[in-house]
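One structure is given here, and the rest of the page talks about it.
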Amino acid sequence: MADFRHVESWVFDLDNTLYPAHCRLFSQIDARMTDFIRMATGAAHDEARRLQKHYYVKYGTTL
Numbered sequence: 103m104a105d106f107r108h109v110e111s112w113v114f115d116l117d118n119t120l121y122p123a124h125c126r127l128f129s130q131i132d133a134r135m136t137d138f139i140r141m142a143t144g145a146a147h148d149e150a151r152r153l154q155k156h157y158y159v160k161y162g163t164t165l
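First residue of the sequence shown? That's 103 in our numbering, and the numbers climb one at a time after it.
What follows is the structure in structure tokens.
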């Protein structure tokens with residue numbers, strides 16, 4: 103995974119202001135988050151997806 107310690111600020115487009123909805127940004131974030139959880143935990147894809155959705159329901163986000 104890339105080293106982002108040099109990044110001082112992050113901008114998140116949560117209302118499609120910067121990126122149009124048709125670019126499917128949120129579905130890409132969703133898939134990448136599943137991959138991150140899979141790599142971080144060593145879980146299979148289906149288990150990582152289940153964990154992601156569990157954390158989303160419990161904490162309101164998986165970011």
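By construction, the Cβ of each residue, glycine as well, lies at the ideal position given by its N, Cα and C atoms.
* To do: Mind checking which residues open and close the alpha helix (DSSP H) that includes Phe-128?
  => 127-143
* Helix, strand or coil at Tyr-121 [DSSP, three-state] -> Residue state for Tyr-121 is assigned as coil, using DSSP reduced to three classes.
* Look at the alpha carbon of Asp-117 and the alpha carbon of Gly-162, and state the distance between them as a whole number of angstroms. => 16 Å
* **Straight-line Cα distance separating Ile-131 from Ala-146** => 18 Å
* Mind checking whether the beta-carbon of Ala-145 lies closer than 6 Å to any heavy atom of the ligand HEM? -> Ligands in the displayed structure: none, and consequently the ligand HEM is not present.
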